[in-house]
Structure formats: C-alpha cells, structure tokens
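Working notes for the structure below.
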Amino acid sequence: MEVAENVTPVTQDSLRGIFVTEEQVPAEFSLTAEVHQKEYLSNGFMKAWDGGSHEVYSPIAIKQPDGTLARKLIGTYPVCTEKEALEALDAAVAAYDNGRGAWPTMGVDGRISCVERFTQKMIAQKDLVVKLIMWEIGKPYTDSVKEFDRTVEYMYATIDALKNLDRQGSRFEIEQGIVAQVRRSPLGVVLCMGPFNYPLNETFTTLIPALIMGNTILFKPPKHGTLLFYPLLEAFRDCFPEGVVNTVYGRGAAIVPALMKSGQVNVLTLIGSSKVADELKKLHPKVNRLRAILGLDAKNAAIITQHADLPLSVEETVLGALSFNGQRCTALKIIFVHRSKVDEFLERLTQAVGKLKYGMPWEKGVSLTPLPEPHKPAYLKECIDDALAHGAKVVNPGGGTALESFVYPAILYPVNDKMKLYREEQFGPLVPMVAYDDLEEPIQYIIDSTHGQQVSIFSQDAAEVASLIDPLVNQVSRVNINCQCQRGPDVFPFTGRKDSAEGTLSVVDALRSFSIRSLVAAKFNENNKQLLNQIVSEGQSNFLSTKFIF
Ligand SMILES: O=C[C@H](O)COP(=O)(O)O
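Take 10 as the starting number for the sequence shown in the numbering used here and just add one per residue.
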C-alpha cells in the first residue's frame, strides 16, 4: 500500500505550531481565575480537608517566552484523608437512615422538584463548567458544550421518565383477592465514580438517576475532571437535604478501598476500568449484597465486508475511531477489512484522517486535541513500537508523531495477534487494521474477546448483514449496521457483555438499575378498601402517593 501522496506529513514542527502563548488564548476561552476551593462544601456544611492539595495541570500546554511548552496550572483541589472519606460515607449513611431519612421517604414529586431546581442552578453555571471541561480534559469546545447540553437533556428526560414510571407503578393490581401497589424503592448509599472522558455526562447519567430514586450519594469526581464540579457544589448543598450528596476528592486508590471495606456501600457505580471494578468489588465484605452498575473496558470492532460502501465506511470509521482522539469507551478500536478492499480502504482512510483538523480545543472545526492523561503519549508510542516490531507499518504520513500532550493519529497495518493493539484497549488515536479473508475471522475475534460492548458491520448486502447479526448480537450488546459504535440516543439501553459492563443504563434503565421493585399489598375487601383510600386521601404516606381507583 502506497502512502497517499497529497497528504501533508505531520511533523513535530507542525505540532509545535498548534500551541500558543498565554496572550494568544482568545479572551472568551481563557480561564481568568485559577479555580481553588479549600472547603468541602456539598454536604451542607463547610469544612477544610486534611489530605493536602492537588494541583491540576491542563493538557493544554502554553508556549513559554523561551519557546518551551508547559502544561497550564488551572487550579488546585483539596484532598481528603481516608478518615475524612469515611466521615463523608457516614453522612450518606445517616441521611439514608435505613430508608427512614428525609430523602428516601420524600415523595416522588418532592425529589423531582429538588432535581429540577438543581438542574436550573447547573444551567446558570454553564459557561464556567463548559470552559473547565475544555481546559481539564482538552475536549474541543463545541464537544464540551454538547456534553453539557446532553447532560441537561438527560436530566430532564430522567425526570419525565420517573413521572411515567411512577404513574405505571402507582397502578393497583388485583389478583386472587389481593390488591397491590407495585413501587420502586431506593437501595441505600451509592458510591458514584465517573470517567475523565465524559466527566460531567457519565457521572450525572448515574448520579442523577441514583439520586432521584431516593438513594444517598457518595461521589468521587474523576482525576482529570474534578474542578468542573466546583461550580455545582453549592447547588448540591442548596437543593438537597444535608448528607444526601457528599463529594470526596483525592486519589481513588487512597480512599476508595476503605469505603468499600466498610460494607456501608450498597451500590457501586463506576464508569472506568474493568480491573479497578473487580478489585473494588472484592473488597466489599458482603459482595453478594452489593449491586454494581458498571461501564467498563471495550474493544469495539468494525467489520468492513467486501460488500461495504467504502466512502461511508471510512467516514464512520474516522468518526468512530478518532472522535475526541479515540478516548470514548464506544470508540472503534480495531478495524477488520476484507482483503479485497484493503488498498482502497486504506487510501481513503489516510486521506480522511489527513483532512482532520488538529489544534487547540477552542479552534473551529478542530477534532484532534491534546490528551489529558500524562502517561498516554508514552503508552501509545509503546503500542506503535510494538506493532512495528511485529511487522505493521504506520500508513498515514506523520502518524504517531507526538509533542508534549499531543499525539497525531496513526493508522497501523497489518495488525496481527502478536501485537498489543490486537487485544488491548488503546483509548487513544490509534487505528489498528487487520485484513481478513473469511468473515469467520472477525466473528471468532469477537467470540474470543473478553470485551463485549458493541460492533459495527459495514455491508450493503442484506443476506450478509443478516448472517452476521445473530452471532454478534449474542456476543456484544449492540450491533450497528453501517454506522459507528456509540452510546446514544440516551433513551436506548447502554450496557455490555462479558467484562464490558454490569447492569444497564439509559434514561429508564438507570431508574430501574438504582432501585428495587417493592409492593404494598392488602386483602381486597371492603374494610381495606376504605382504609387504603383514607391513608391516601389524607396524605398519610408518601409511599402511597396515588389515589386508589377501585
Ligand atoms: O465513553 C463512553 C461514552 O458513553 C461514549 O458515549 P458516545 O458514544 O456518545 O461518545
């Protein structure tokens, strides 16, 4: 395969050109004040933490007067000690109070109006939160805005879904002389941890449903993506009863094990690594009683068959593999192409990648930006070197060139099972490509995989697509036809098989995941009919919030 000639090779010099001096940051995107907060605010009281502080450096490096690059210091956060993290957990346990606390016993309408008020206060902080997403994780500005808006939409959709669920749950069923009201009740204390790549969205798509169902929350923001929650802490304090939402900051490894060992966490929700999730679960003294709602590692494959529409496949592959530099759990992380199509596919893919704009996250149309994890450039280089050592080539000009926090995408071909990139989730801008002769090969790859989130099939042949759907849908939780893998629309179930997930998210599924079905039942006779109607009409129980219709 010849390298596309009209694609300008990317070099370290061209990468150096994307970084700017402090003065060159456009005023509307600059962070005027570094964000510092010394107190732990969200539990309804102010209190300094004892664990020292952590300095947050943006992946956006700033050009210094001598021409060197230095990651910008954008804030500090206080770090809590293990003891303080356990105190925050105690606050959540006390607020839940074995299900008797003000929050779990509050009626659905009350909880909805608290979350509505919180959402409004959050919207008022949009500009700062969006800017912090951009500076903390280097996400393009337009995508940071999308993340914020999508999260707000999700919160309103959650409120609507709960109203519907409550209406359905409030129906009374009469069976065999028993009248029953089927409800959804909270589970207890939820330990909630989100990932750096969608710090706001992925956190709130678990935290908000868990909260609105009446659970109390202990929340640890992601390591890269902590400051952006500052503007929301006062809103948590103002909108929810004391102890209902508790935030802890610090290194997860230093505080989370103690929380799990305490046995006081009823639900663990983590969007992150499968290894970390397994380790944390094992620490819980009653692991069988622990509910886990987890979104974990994935290695989603695309299968480009001999009947694929190549321009469409390339367009979707670029989006799927390289949006936000490939740092999505749903990203396409390995591409299988039928051997007869390899040359044309690679040529088109190289052209398409060459057209992607790289630069600072505020630049219009930019899709490739600096990476937030300091270790990532070295890890990606290791993956590339390993692939080269085992016979692959970097196909696109300048692929893999790195400078400071930036790594230019590399298309690697031919990739085989001796390489790290064959099985490992790179979570970065590398596109490993494998040639296959028989469709059994990618199918077997997916069957053998320890991951099972999604797959994309590209083919215009109905019989061929049909023959792939059944074997694949029993291996992964979503099969995409002629489009990239993705989470949305958020009303669709979001989960994974094997090591990729536990439990299901989506607007409605999340409400179910963070609650349990419970019944209020009575013999259906004249006496009880009157008694129940009296309880309801006199508002004597939040639990029975709906009128009986006999
Ligand atoms: O990183 C995992 C996200 O849930 C992916 O969401 P997305 O497919 O909308 O980018």
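Beta carbons: idealized from backbone N, C-alpha and C, even for Gly. Small disclaimer: the values here were computed from a predicted structure and weren't measured.
- Burial check for Thr17: the Cβ neighbour count within 10 Å stays below 16, so the residue is exposed.
- The beta carbons of Ser468 and Thr215 sit about 35 Å from each other, so the pair does not count as a contact at 8 Å.
- One thing to note: Glu145 has its Cβ no nearer than 8 Å to the Cβ of Leu209.
- The DSSP assignment places 351–364 as complete runs of the alpha helix (DSSP H) inside the segment 333–396, in order along the chain (cut-off: 4 residues).
- Between the C-alpha atoms of Lys130 and Asn491 there is a straight-line separation of about 40 Å.
- Between the segment 90–99 and the segment 261–275, the count of C-beta pairs closer than 8 Å reaches three or more; the two stretches touch.
- Between the C-alpha atoms of Val198 and Thr225 there is a straight-line separation of about 5 Å.
- When distances are taken from the beta-carbon of Cys248 to the heavy atoms of ligand 1, even the shortest one reaches 7 Å or more.
- For Gly400 and Arg159, the gap between their C-alpha atoms comes out near 42 Å.
- By the CB criterion at 8 Å, Gly329 and Leu341 fall inside the cutoff.
- Cα atoms of Arg126 and Met164: separation of roughly 11 Å, rounded to the nearest angstrom.
- Ala100 and Leu448 have their C-alpha atoms spaced approximately 55 Å apart.
- For His460, same chain residues with a beta-carbon under 7 Å away, outside a window of 5 residues either side, are Asp306, Ala307, Lys308, Lys507, Asp508, Ser509 in chain order.
- Around ligand 1, the residues whose beta-carbon falls short of 6 Å from at least one of its heavy atoms are Asn206, Tyr207, Glu211, Arg337, Cys338, Thr339, Gln495, Arg496, Gly497, given in chain order.
- Going by beta carbons, Pro240 and Leu137 fall inside the 8 Å limit.
- Within the DSSP bridge table, the entry for Arg192 names Ser527 as partners.
- Under DSSP, the beta-bridge partners assigned to Ala510 are Gly304.
- Under a 10 Å Cβ-count criterion, Gly374 is classified as exposed, with fewer than 16 other Cβ atoms of the shown protein chains found around its own Cβ.
- Around the beta carbon of His384, fewer than 16 other beta carbons lie within 10 angstroms, which makes this residue exposed.
- The three-state secondary structure of Gln33, taken from DSSP, is helix.
- By the Cβ rule, the segment 277–288 does not count as touching the segment 470–488, because fewer than three pairs are nearer than 8 Å.
- Per DSSP, the continuous alpha helix (DSSP H) segment holding Thr128 begins and ends at 117–133.
- Taking all protein chains shown into account, Asn206 has 16 or more neighbouring C-beta atoms within 10 Å of its C-beta and is therefore buried.
- For the segment 275–300, the full-length alpha helix (DSSP H) segments reaching 4 residues or more read 283–292 along the chain.
- Take the alpha-carbon of Leu303 and the one of Leu196: they are about 16 Å apart.
- Shown here for Pro74: not one same chain residue has a beta carbon closer than 7 Å to its own, the five before and five after excluded.
- Taking 8 Å as the cut-off, the Cβ atoms of Gly223 and Arg300 do not count as close.
- Taking the CA atoms as reference points, Lys532 sits about 29 Å from Gly110.
- The beta-bridge partner set that DSSP reports for Val161 is empty.
- Close CB contacts of Pro149 within its chain, under the 7 Å cut and outside five residues either way in sequence, are with Pro370, Val375, Ser376, Thr378 (chain order).
- Of the candidates Gly437, Tyr367, Pro441, Thr359, Pro441 places its Cα closest to the Cα of Leu397.
- Judged by their CB atoms, Leu331 and Pro438 are nearer to each other than the 8 Å cut-off.
- The C-alpha of Cys201 is placed about 10 Å away from the C-alpha of Val257.
- Excluding five sequence positions before and after Pro113, the CB atoms of its chain that fall closer than 7 Å to its own CB belong to Tyr105, Pro195, Gly223, given in chain order.
- The beta carbon of Asp59 sits closer than 6 Å to the beta carbons of Thr90 from its chain, once the five residues preceding and following it are set aside; these are given in chain order.
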